[in-house]
Each structure stands twice: as C-alpha cells, then as structure tokens.
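Inspection log for the structure reproduced underneath, given as structure tokens.
Protein chains in written order, with the working numbering: chain A, 805 to 1144; chain B, 805 to 1144.
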C-alpha cells in the first residue's frame, strides 16, 4: 500500500529496473526452468509437476493452503541407498564390535557371539529379539550428546561398499531436486522413516536441507537426569516407538499433526503412510521408488531382504500410486555423478 | 556473482533506488523500531532485545546459526490464560457431562458421579487416577478427525469466565510480539506444554502463528486402523507421553532434536525445560511469567492450584532466570484491550 505514495518518477524507475533485472537474470531463469533436471521426461515427472502446479494455483479447485502442504519422504531406499544393508544396521554392528572389549559376556551370549564371529546367519536367526538387543547395546546407555557424536563420527568415516563414498553422499539427486522444488512451492518437507530419529538427525540438514525437527523416526526412551549437577538426556535401553508400517501414520499424527498431501516411499513398509496420505480429501500424490537399476545403483524388489517392494507393486495401479522406475525415470542418480 | 555482469550504469541505478526505497520506507521503519511495544522499558525488555541482537550478530562472539535458534514456550499461563482452571480440564469436564447419557454406569462410578453432581472436591480427591479416567473418557475412543472437530467446536463456543472472551482470545499480547520478533530474527518458535498436543494444535497457528508441527504436548496412544475400507487414526484410552516437568526436555529431544537457546515458562513445571536450555553452551535465556496482576489478569504463585510458581521463584536469581513481572513488565496484556 505504501508504494502508492511513491512519486511517479520512482515508480517508473522501479519498473525499468525490474525489466533490467529480468534481462540480466533471464539466462539463469532459463537454466532453471526445469525444476527437476535429473528426472526424465515422461508421465511420472509430468504427474509430479502437474500436482504441484495444481495445489499451488490460487483460486484453483485443487488449491491447498501453505500450512497443509506437507510432503513426507521415507529415508532408506527413498532418499539414500539402503542396499545391500540399511546403514544404521551396519552402524549398530560396528558399534558392537567396538564395544566388545568392555563386554566380555558377549563372547558367550547370542546374538553378540555370532555377530562378533561374523556369523550373520545366526544373527539373522535371532529374530526381532536379537536385533533389538543389538540396537539397545549400540543405541542406548549413553547421553544424547554422546550418541550424536558417535553417529557423526561414524558417518564421517565409513563408506558405502559399492560407491566408495560416504553414506551421506549416496543420496538421490532427483529427490534433492524434488525436495527443493516442493519447498520452493511452499511445502514443508519431512522425513518419515523406520530408522532411528536421532541416527538421522545429524545428517539431514546438510544432505537434504531438512531440519532436525522435520525428521520422524523410531526411538528409544529418553530420560532427563541431572549428572554431576548438569542436566542431561540419557538414552535408555527400551524401545519407545517403532515408526514403521502402521507406525508411520501415527508418527505423522504425533509429530506433524497434519495429513500429508504427498508421500514418497520405496517399500511395502511405506504402504500405510501412502494409504493415509491418499485417503485425505482433495488432490493427493503417493509415490514409490522402484529400484530397477542394477548398473547405476541396485535392482531389487519383491524378495529383497531390505526394502521389500511386493504388495505395493501389485496394488499400485488400483490405488493410483505412482511407481517411479529408477532406471527409466531418473537420468542421474547421485550428486557425485557427472552431469550429462 | 552474476550481478558482476551488470553494467556500471545499472549498478548505479540499483544503488540510487535502494536509497530511494530507504527514504520511502523509513517512516514505516521508524514506527516499527520497537519490536516489543507492549513490554515496558526496563531490564527485562532490555535483556530480551540484547539477547536477540547478540545471537544474531554475524561474526559476533555470541552468534548462533539459524538452525540452532530454537525458542520454546509453555502454553498455559505463558501464552494464554490458565486461571482459574486449565482450559483443557474445563473441556474434559464439559465432555463428560455431554457424554453422560451414553454412559449410565457413570451415575454410580467415581470420579464421574462426583463430576456430574458438581462435587469438585471429590473429583480432586480422586487424584491422578481419577483425572486420568476423566481424560481418557473425554480424549480417547474416537478418531483423530472426530477429536479435532470436537475441540474446534468447543473452543469456538466457550468463553473464559472473567474476560467473557473465547479462550483463544485470552492470549498475551506481549508474547505475540515476542514470538513475532523472534521469528523475524530467524528463530523457530515451538510450544512445549503439559497440555494435550492434539488439543492445542487446532488453535496455535491462528492464535500464535505457530504451525501444528511446532507444537509439543502430552498425548494418548494413537493407532492406525482401517475402518470401512478407510484408513483412520484412533485415539486409544492409554497415556502415551506426559510432556510436563522432566518430560519437557524429553519432548524437546524427540520433536525438535535441538536444545533451545531461549525457553519461556511460568511454573515450577517448566524448571526442567529451562534448566536444560540454560545448560547448553553459549548464550541462553530462560524466563518465567510471574502472574502479579490481579486487576488486569490474575495474581497467583506459590500456593496456586494451577501454574504453581514456588521453587522457581526461589532459585531464579542464583540461576540467572528472568522473572517477568506481569504487572510491571507488560503494558498491555490482551490483544482485545485498547492500545494505550
């Protein structure tokens, strides 16, 4: 309103300058006219762009207010590589090996004995109970600050076996573009993962531009204690919440309190999140990454030991879920690949 | 970088225009030079402004990166009126009365019998067990959407007894200014309340400018179910988390994952949150509202049945906590009051 007080000569100067800026910056703008350059042209990319245009069009029938523009992304296999094994499981195994000298009892106690001997078959056979014991041994019994430091150091020093890069570098370029595109259109982007909430948080801002408070995951019980006169949070050896499968919509309800309008996963464990998302009123988008590129990444789905994608493949068409074919839909997979 | 390509004449035009804009907009700037007009001049206001200036000064010794600029506020008695009774408790009592015809067993079952007879002494004597039963009866056993609708309708139709205004209007003007001032300086503002997370969320964006995902509170267990082929979240009659006292730092850890640099409460139940905040490195600010204004609001502290402020008053000076004296420090209390 105040600009009305501006003298006509100033208004003219503003207009002229806007034009000049337009000219100066137009080459940049032209380069950026494709918000998803690593996505191949085709129905998947078109559906995403159409969706974003529709829900952000003021006065349009599909318009969604900014506070409702919530997009949720699974992490393992959706934003970063999960094959041949979830990064956090490798972290847990490494921690057990590192902590073994302080736990002589592990020499005879399963599943630790098997893990230390490299007998993964026995570790696997120990089931949920065994895995939980390994997670508790590696993720609990320390302060929040100590765990943060351990995770940060581990991620800074361990590399993905196939790509010989840090795990935090093995993230999907097309998804980075999609996250940025959504945010540029007023979306708030969240991670909703079965992985540990505090395991992910040290890396999400730098890797994905997602702040810690927008990361939702599984957790152990934390307890407020005063140690040597200093208040600390201690991670207790007790599962607090499993943010997987039917836990994902619950995690969304607790942490966000708004039903997403876009959800992106890659496994059957993401089905409930996507069902919940799609069941809301108005326009909704549900997507799954299908790992189809054995050469550039990995190819796995129905019978995989990680990121099993089976039922979702069968039910996708009937439910209007989009299956993103990594090999066909992604021109470039990793930031470290050369641009074409 | 690209601006280097700009011709000198354009650069000159830009500079000239910036100066012109400065002139055009300077009256606005002058009006807005006090970011906290409802706060009385004095050490409290000065301490807040100095803190914000220090932590946002690039290159300064107290500089805090934007992603670490987290401010947490209690709700009851800190952002809105909690006297003579917490709004949510009144909601729970009303719900029980409304639901009574569907629960003939309540006629003989405590604490419901006492509540329906208006015998608050017996309700109070039923203790934590009784109160929990009332909360479960009023807050669980429905879908998330049904609960949301009930809360929204209740808040739209019930008024605070002293001010004859909706509860959502009985919010503190100085705090609205502080929240806006913090956000304008790159802070992310959160509510960290003992109140129900889903009870607060319907009102926080409109009342305080705080989105749902930045609201942390107590919760009941939610369960993902498919009802009539439609995925829904059902609120179960089981406490999930009590976000009060030592629960507040835990809630902060789970939901934000970053230790706040500023925390604001009004009761002993906020001490742990403020201790946790102040125990971090670098500059930190911890504040309590002290309700000292019987005329314009209420006066209560050490022996109050709501918002008890006793230990914190004793320990404030030694811990460097700021006690905000409502009567002296707040020139205006509510948005609905006329501006002076």
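All C-beta atoms, glycine included, are put in the ideal place defined by N, C-alpha and C.
- Rounded to the nearest angstrom, the gap between the Cα atoms of residue 955 of chain A and residue 1021 of chain A is 15 Å.
- Around the beta-carbon of residue 1035 of chain A, 16 or more other beta-carbon atoms lie within 10 Å, marking it buried.
- One finds 1061 in chain B with Cβ atoms closer than 9 Å to the Cβ of residue 1019 of chain A, taken in chain order.
- Short of 6 Å from the beta carbon of residue 1051 of chain A, and not among the five residues preceding or following it, lies no beta carbon of its own chain.
- In the three-state DSSP reduction, residue 907 of chain A falls in the coil class, being neither helix nor strand.
- Residue range 1019-1031 is occupied by the beta strand (DSSP E) that includes residue 1029 of chain B.
- Looking at B:1119, B:1105 and B:1120, the one whose alpha-carbon comes closest to that of residue 1113 of chain B is B:1105.
- By the rule that beta-carbons nearer than 8 Å mark a contact, residue 948 of chain A touches chain B.
- Of all alpha-carbon atoms in B:1096, B:1125, B:1086 and B:1108, the one lying nearest the alpha-carbon of residue 865 of chain B is that of B:1086.
- Ranked by Cα distance from residue 923 of chain A, the first of A:906, A:908, A:982 and A:897 is A:897.
- Contacts between residue 871 of chain A and chain B, judged by CB atoms closer than 9 Å, involve 1009, 1015 and 1016 in chain order.
- Residues of chain A with a Cβ closer than 9 Å to the Cβ of residue 1005 of chain B are, in chain order, 1061 and 1062.
- The count of Cβ pairs closer than 8 Å, one atom from the region 1127-1140 of chain A and one from the region 966-977 of chain A, reaches three, so the stretches are in contact.
- Residue nearest to residue 848 of chain A within the set A:1142, A:871, A:1091 and A:1103 is A:1091 (criterion: CA-CA distance).
- No Cβ-Cβ contact shorter than 8 Å links residue 1053 of chain A with residue 883 of chain B.
- With a cutoff of 8 Å on beta-carbon distance, residue 1040 of chain A and residue 1056 of chain A are scored as not near each other.
- The beta-carbon distance between residue 1123 of chain A and residue 1082 of chain A, rounded to whole angstroms, is 7 Å. This is short enough to meet the 8 Å contact definition.
- The three-state reading of DSSP puts residue 928 of chain B in helix, counting H, G and I together.
- Residue 916 of chain B and residue 1003 of chain A have their alpha carbons spaced roughly 45 Å apart.
- Taking the C-beta atoms as reference points, residue 984 of chain B is found nearer than 8 Å to residue 1013 of chain B.
- Rounded to the nearest angstrom, the Cβ distance from residue 941 of chain A to residue 903 of chain A is 7 Å, consistent with a contact under 8 Å.
- Contact between the region 989-1007 of chain B and the region 867-884 of chain B is present: three or more C-beta pairs spanning the two stretches fall below 8 Å.
- Within the DSSP secondary-structure output, residue 1060 of chain A pairs in no beta bridge.
- Nearest Cα to residue 1102 of chain B within the set B:1075, B:1074, B:1120 and B:1070: B:1070.
- Residue pairing of residue 1039 of chain A in beta bridges, as defined by DSSP: A:946 and A:1026.
- Here residue 910 of chain A has 904, 916, 917 and 920 as same chain residues with Cβ atoms under 7 Å from its own Cβ, once five neighbours each way along the sequence are excluded.
- Per DSSP, the beta bridge partners of residue 975 of chain B are B:884.
- For residue 1028 of chain A, same chain residues with a beta-carbon under 7 Å away, outside a window of 5 residues either side, are 1035 and 1037 in chain order.
- In the DSSP assignment, residue 868 of chain B falls outside any beta strand (DSSP E) and carries neither an H nor an E.
- Taking the beta carbon of residue 1041 of chain B as reference, no residue of chain A falls within 9 Å; the closest one sits roughly 16 Å away.
- A Cβ-Cβ distance of about 14 Å is found for the pair residue 1000 of chain A and residue 1059 of chain A, leaving them out of contact under the 8 Å criterion.
- Assignment of residue 1009 of chain B by DSSP, reduced to helix, strand and coil, places it in the helix class.
- Ranking A:939, A:890, A:989 and A:842 by CA distance to the CA of residue 1066 of chain A puts A:989 first.
- For residue 987 of chain B, the secondary structure class from DSSP, reduced to helix, strand or coil, is helix.
- Inclusion of residue 970 of chain B and residue 959 of chain B in the CB contact set at 8 Å is warranted, their separation being smaller than that value.
- Contacts with chain B at 8 Å (Cβ-Cβ) include residue 1028 of chain A.
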